[in-house]
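Here's the structure, in C-alpha cells; my notes come after.
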Amino acid sequence: MKLPFVKCLALIFMLNIICNNVALAESHRFEIANSKVVTIESTVLGKKYDLFIKVPRSYFLAKNKSKKYPVLYLNDGPYTFKVAAGVTHMRNMDKVIVVGISFAHGENGQFSRVRDLTPVVDQSWTKYTTGGATDYLAFIEKEVFQYIERNYRVNTEQKILSGQSLGGSFAAWVLLTKPELFSTYILTSPSLWFKNDWIFELENKYAEKNKSLQANVFMATGALETLENGMKEDMVAGHVKFANRLRSRNYQGLKLADEVVEGTDHYSTFPVGLSKGLVLFYESQ
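When we follow the working numbering, the leftmost residue of the sequence shown carries the number -14, and every step to the right adds one.
Now the structure itself:
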C-alpha cells in the first residue's frame, strides 16, 4: 500500500510543478514600458476604438514635470504602434508621445482601415466599403486630440502624423485638406494610386487656391515596390511623381524630404521611413 501512496504523492507534486510553471509563464507576458491602452467611444463614428499610448521615459522625471511633448499619431495601430515603440526605445529617439489608433471594435481590421483611410468612394473595391476618411479625420480631430491633450502634457504645435500604405495616402490627403492639423507628416509607401491617382487631382485643386503649404513632410518608399518586383502598382513611380509635383509648386512653408529606400519592399519600409522621419523632426527642433 505504501508504494501506490508514494507514487500518488509524487504525481501530485509533479502536476503541481507543471501547473505552477504554466501559470508563471502566462503571468510573464511582455509589456511595452510606459504604455497603456484606452478605449474611446466615438460619438462621431458611433464606434469604439482603442488607443495605444506610450510616453517617453523622461516624462515622469521631476525636472520635466512642466515639459510638454510632441505627439506622434499613427493609424493602423496594431502594427504601427509596435514598430514605433521599438523605434523610440533608445533614449535619443524617445522624445515623443506615441499614439496608435486601432481598428473599430468588432470589425475585421482590413475592413475597418479601408473604410477609414480612404477619402472618396471607389466602386471598384467591391469587397470593401470606401470613402470614410472625412468622418475618421473628424474623430481624430475632435475626440482623439481631445483625450490626449486633456490627459497628457503635449505641445499642441507639434503633432506628427505617420502612416503606411493606405495610411500614407490618408496622410497625403490630410496634408492637402487640413494641413494645419499636423506640423509634420511622415508618409511611408503611400498608396497614391488609389482611385486612379485621385490624390493628384486633389493636389491640382489645392494648388489653384493656395500658394503656401505650411508643413514638414518626409516620404519614403521601398525601391522594391515596383511592378518588376511583383507589386500591382508602381509605388516608386507614384512616390517620385508626387514629390516632384509638390516641389514644382514652390509652396511657401513646405519643407519636403523624400527617399526611395534601397533594399526594402512594401512590408519593410515603414520602420526605416519612420526612423528617418523622426530623426529629421528631431534635427529641426
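Cβ coordinates follow ideal geometry from the N, Cα and C atoms, glycine included. These figures come from a predicted structure and were not determined experimentally.
So, Phe203 versus Asp243, is the Cβ gap smaller than 8 Å?
-> Within the sequence shown, numbered from 1, the residue matching residue 203 stands at position 218. Within the sequence shown, numbered from 1, the residue matching residue 243 stands at position 258. Cβ atoms of Phe203 and Asp243: closer than 8 Å.
What do you reckon, are the CB atoms on Val81 and Leu46 nearer than 8 Å?
-> Reading the sequence shown from its first residue, position 96 is the one you call residue 81. Reading the sequence shown from its first residue, position 61 is the one you call residue 46. Result no, Cβ atoms of Val81 and Leu46 do not sit closer than 8 Å.
Hey, how far is the Cα of Asn154 from the Cα of Met220?
-> Mapped onto the sequence shown, residue 154 falls at position 169. Mapped onto the sequence shown, residue 220 falls at position 235. The identity of residue 154 in the sequence shown is Ser, whereas the question assumes Asn. Here the alpha carbons of Met220 and Ser154 stand approximately 11 Å from one another.
Cα-Cα separation, Ser27 to Arg230 | For the purposes of this step, residue 27 is taken as the residue at position 42 of the sequence shown. For the purposes of this step, residue 230 is taken as the residue at position 245 of the sequence shown. Computed Cα separation, rounded: 36 Å.
DSSP state of Thr24, grouped into three classes?
-> The residue labelled residue 24 in the question sits at position 39 within the sequence shown. Three-state DSSP puts Thr24 in a strand.
Let me know the secondary structure DSSP gives Asp101 once reduced to three states.
-> Position 116 of the sequence shown holds residue 101. In the three-state DSSP reduction, Asp101 falls in the helix class (H, G or I).
Span of the beta strand (DSSP E), counted from its first residue to its last, around Tyr44 | Locating residue 44 in the sequence shown gives position 59, counting from the first residue. Counting along the chain, Tyr44 falls outside any beta strand (DSSP E), and DSSP gives it neither H nor E.
How many angstroms separate the CA atom of Lys196 from the CA atom of Val225?
-> By 1-based counting over the sequence shown, the position of residue 196 is 211. By 1-based counting over the sequence shown, the position of residue 225 is 240. Going by the C-alpha atoms only, they are around 21 Å apart.
Let me know if Gln131 comes out buried or exposed under the rule of 16 or more other beta-carbons within 10 Å of its beta-carbon.
-> Locating residue 131 in the sequence shown gives position 146, where the first residue counts as 1. The residue in question, Gln131, is exposed, as its Cβ has fewer than 16 Cβ neighbours within 10 Å.
Can you tell me which of Leu259, Val159, Leu187, Phe185 puts its alpha carbon nearest to the alpha carbon of Gly207?
-> Residue mapping note: residue 207 aligns to position 222 of the sequence shown, counting from 1. Relative to the Cα of Gly207, the nearest Cα in the group Leu259, Val159, Leu187, Phe185 belongs to Leu259.
Limits of the unbroken beta strand (DSSP E) element including Tyr271 | What the structure shows of the chain is the stretch from -14 to 270, and residue 271 is not part of that stretch, so it cannot be assessed.
Through-space distance from Gly223 to Leu209, alpha-carbon basis | Position 224 of the sequence shown holds residue 209. Position 238 of the sequence shown holds residue 223. Taking the straight line from one Cα to the other gives about 13 Å.
Member of Phe66, Thr111, Ala192, Thr115 whose CA lies at the smallest distance from the CA of Arg98 | Mapped onto the sequence shown, residue 98 falls at position 113. Of the candidates Phe66, Thr111, Ala192, Thr115, the residue whose Cα lies closest to the Cα of Arg98 is Thr115.
Expressed to the nearest angstrom, what Euclidean distance is found between the alpha-carbon atoms of Leu59 and Val84?
-> For the purposes of this step, residue 59 is identified with residue 74 of the sequence shown, where counting begins at 1. For the purposes of this step, residue 84 is identified with residue 99 of the sequence shown, where counting begins at 1. Roughly 6 Å between the two C-alpha positions.
Across which residues does DSSP place Asp243 in a beta bridge pair?
-> Stepping through the sequence shown from its first residue, residue 243 is reached at position 258. Under the DSSP definition of a beta bridge, Asp243 partners with Met204.
Please name the residue in Lys39, Leu265, Val257, Phe15 whose C-alpha comes closest to that of Ile133.
-> Within the sequence shown, numbered from 1, the residue matching residue 133 stands at position 148. For the residues Lys39, Leu265, Val257, Phe15, the minimum Cα distance to Ile133 belongs to Lys39.
Neighbourhood of Asn179 by C-beta, 8 Å cutoff - its chain only, sequence neighbours within 5 removed | For the purposes of this step, residue 179 is taken as residue 194 along the sequence shown, with counting starting at 1. According to the sequence provided, residue 179 is Phe. The question's Asn does not apply to it. For Phe179, where only same-chain residues beyond five positions count, the Cβ hits under 8 Å are Thr103, Asp107, Leu151, Ser154.
Backbone secondary structure at Glu142 - three-state DSSP | Within the sequence shown, numbered from 1, the residue matching residue 142 stands at position 157. Three-state DSSP puts Glu142 in a strand.
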